[in-house]
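**Q** This note's numbering applies: residue 0 is where the sequence shown begins, and numbers increase by one.
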Amino acid sequence: MDRLEPERMFVAVMETGSFTAAAERLGTSSGQASKLVTRLENELGVRLLSRTTRAVSPTEAGQVYFERLRPLLEEFDNLDAAVRDTSGAPRGRLRLTAPLTFGTAEIVPGLNEFASKFPEIELDVSFSDRVVNLVDEGFDMAIRVGRAGDSSMIARKLCDVRIVIVGSHAYLARRGEPETSNDLARFDCIIDTNFKEPNRWPLREAENAPIDVAVGGRIRYSNAEACLMAAEAGLGLACVPSFIAGEALRAGRTRRVLQAFETEPYAVHALYPHSRHLTTKVRVLVDFLVERYRGTPHWEKGW
0 MDRLEPERMF VAVMETGSFT AAAERLGTSS GQASKLVTRL ENELGVRLLS RTTRAVSPTE
60 AGQVYFERLR PLLEEFDNLD AAVRDTSGAP RGRLRLTAPL TFGTAEIVPG LNEFASKFPE
120 IELDVSFSDR VVNLVDEGFD MAIRVGRAGD SSMIARKLCD VRIVIVGSHA YLARRGEPET
180 SNDLARFDCI IDTNFKEPNR WPLREAENAP IDVAVGGRIR YSNAEACLMA AEAGLGLACV
240 PSFIAGEALR AGRTRRVLQA FETEPYAVHA LYPHSRHLTT KVRVLVDFLV ERYRGTPHWE
300 KGW
């Protein structure tokens, strides 16, 4: 039983804004969440939250208590984890968030190997392209493609991913090959609607200035693998990450075009919050991933 269960529930309610969301985060019912906070209020002899049918908001005392309590809970958890880590193999629940496509295609095989190597670590992985707040949403670490961004996080680089434009040999033989970014206007482009701006492809000019080139096409998929398959079928050009295109390029099913106009590679990072005591479960996963992706990524070999 968690010795600080009521306190944890109160912090979760404050961070998520509702008993329902807090209960979901901590794996219990909203009724139990309410009971735990009420128990804490009774023990303290003060009301911490104002409840209505539509919203939950902190009282003045509740806000002060939350601001003091959250760092204490974090320090307590870090201390607990540090003590446990000295007593044996890494253990405990590890919550990870990773981007959908890279996560399912590339991170999962590594995580499965990691899970076999560390049987006492429980993996809880969320695949989403949404940028989550690790602390507020209770994640231990994240995998992110692109700029690390959040300066409050520690970032360790894993590898690079390039964005490449590919087409089948048959399509390029039939339509010719684009020589400049402006030539894309006369080609069938397979649109990945997961892009922030699907009808604009990221490239760079000869002087390395980044540009977004307007493209169009009759096929639109919200999935990079599907876009690549359409390109392999000779339906046009696809703009996809190198980890998706690698096998098709290596096997000769597609060919890169406009290589001189490709953007600089995007870095893949493992991010985790700053902490005085980095838990062993996070450290061993980060070290495992760094070692796994050391050197040239496998998807960029043999082109």
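Glycine residues also receive a C-beta, built at the ideal position from the N, C-alpha and C atoms. The model shown is predicted, which means the values in this text are computed figures rather than measured ones.
Ignoring anything shorter than 3 residues, give me the beta strand (DSSP E) runs that lie fully in the stretch 31-109, in order along the chain.
**A** Listed in chain order, they are 48-50, 55-57 and 91-97.
**Q** Who pairs with residue 126 in a beta bridge, going by DSSP?
**A** The partner list for residue 126 (beta bridge, DSSP) reads 97.
**Q** Taking the alpha-carbon positions, what's the residue 79 to residue 104 distance?
**A** If you take the alpha carbons of residue 79 and residue 104, they lie about 34 Å apart.
**Q** Can you give me the Cβ contacts of residue 198 inside the same chain, cut-off strictly under 7 Å, excluding the 5 residues immediately before and after it?
**A** The answer, listed in chain order, is 190, 213, 214 and 215.
**Q** Would you kindly check if the distance between the Cβ of residue 89 and the Cβ of residue 283 is under 8 Å?
**A** Cβ atoms of residue 283 and residue 89: closer than 8 Å.
**Q** Measuring only the C-alpha atoms, how far is residue 154 from residue 289?
**A** Answer to the nearest angstrom: the Cα atoms are 11 Å apart.
**Q** With distances taken between CB atoms, is the gap from residue 241 to residue 163 smaller than 8 Å?
**A** Taking 8 Å as the Cβ cut-off, residue 241 and residue 163 qualify as a contacting pair.
**Q** Residues in the same chain with beta-carbon distance under 8 Å from residue 203, minus the five sequence neighbours each way, listed in chain order, please.
**A** Contacts found: 209, 210, 260, 261, 262 and 263.
**Q** How long is the line joining the alpha carbons of residue 243 and residue 255, rounded to whole angstroms?
**A** Going from the Cα of residue 243 to the Cα of residue 255 covers about 13 Å.
**Q** Reducing DSSP to helix, strand and coil, say where residue 243 ends up.
**A** The answer is helix: DSSP assigns residue 243 an H, G or I state.
**Q** Please name the residue in 98, 68, 121 and 231 whose C-alpha comes closest to that of residue 267.
**A** Nearest option by C-alpha distance: 98.
**Q** Using the C-alpha atoms, what's the distance from residue 110 back to residue 67?
**A** Their Cα atoms are separated by approximately 36 Å.
**Q** Does the contact criterion of 3 or more C-beta pairs under 8 Å hold for the stretch 119-126 versus the stretch 218-233?
**A** With the cut-off at 8 Å, the stretch 119-126 and the stretch 218-233 do not touch.
**Q** Going by alpha carbons, who is nearest to residue 140 out of 3, 100 and 96?
**A** Of the candidates 3, 100 and 96, the one whose C-alpha sits nearest the C-alpha of residue 140 is 96.
**Q** Hey, how far is the Cα of residue 0 from the Cα of residue 134?
**A** Per-residue confidence for residue 0 stands at a pLDDT of 49, beneath the threshold of 50, marking its modelled position as unreliable; no derived number is given.
**Q** Under 8 Å between the Cβ atoms of residue 92 and residue 167?
**A** Not in contact: residue 92 and residue 167 (Cβ atoms no closer than 8 Å).
**Q** Quick check: what's the CA-CA separation for residue 300 versus residue 280?
**A** Looking at the two C-alpha atoms, the distance is approximately 31 Å.
**Q** Are the CB atoms of residue 9 and residue 47 within a distance shorter than 8 Å?
**A** Yes, the pair counts as a contact, with Cβ atoms nearer than the cut-off.
**Q** Using the Cβ count rule (16 or more neighbours within 10 Å means buried), how would you classify residue 121?
**A** Exposed, because fewer than 16 other Cβ atoms sit within 10 Å of the Cβ of residue 121.
**Q** Have a look at residue 4 and residue 271 and give me their C-alpha separation to the nearest angstrom.
**A** Their backbone Cα atoms lie some 24 Å apart in a straight line.
**Q** For the candidate residues 152, 33, 206 and 136, whose alpha-carbon lies nearest to that of residue 269?
**A** Nearest C-alpha to residue 269: 152.
**Q** Give every residue of the same chain whose Cβ lies closer than 6 Å to the Cβ of residue 296, excluding the five residues on either side of it in the sequence, and list them in chain order.
**A** Once the five neighbours on either side are set aside, the close Cβ partners of residue 296 are 158.
**Q** Since I believe residue 239 is in contact with residue 223 (beta carbons under 8 Å), could you give me their beta-carbon distance rounded to a whole number of angstroms?
**A** Yes, they are in contact, since the Cβ atoms of residue 223 and residue 239 sit about 5 Å apart, within 8 Å.
**Q** Using the C-alpha atoms, what's the distance from residue 165 back to residue 119?
**A** Using only the alpha carbons, I get a separation of about 43 Å.
**Q** Could you check if residue 161 is buried or exposed, using at least 16 other CB atoms within 10 Å of its CB as the buried criterion?
**A** By the neighbour-count rule (16 or more Cβ atoms within 10 Å), residue 161 is buried.
**Q** Over what stretch of residues does the beta strand (DSSP E) that includes residue 271 continue unbroken?
**A** Note, residue 271: beta strand (DSSP E), 265-272.
**Q** Find out if the Cβ-Cβ distance for the pair residue 184, residue 233 is shorter than 8 Å.
**A** Not in contact: residue 184 and residue 233 (Cβ atoms no closer than 8 Å).
**Q** In whole angstroms, give me the CA-to-CA distance for residue 237 and residue 186.
**A** If I take the Cα positions, the gap works out to 10 Å.
**Q** Below 7 Å CB to CB, which residues in the same chain sit around residue 137 once its five sequence neighbours on both sides are set aside?
**A** The residues are 24 and 94.
**Q** Take residue 145 and list the residues in its own chain whose beta-carbon comes closer than 8 Å to its own, dropping the five residues that flank it on each side.
**A** Excluding sequence neighbours, residue 145 sits near 265 and 266.
**Q** Can you list, in chain order, the stretches of the beta strand (DSSP E) that have 3 or more residues and sit fully within the stretch 193-249?
**A** Here the runs fully enclosed are 199-203, 209-213 and 236-240.
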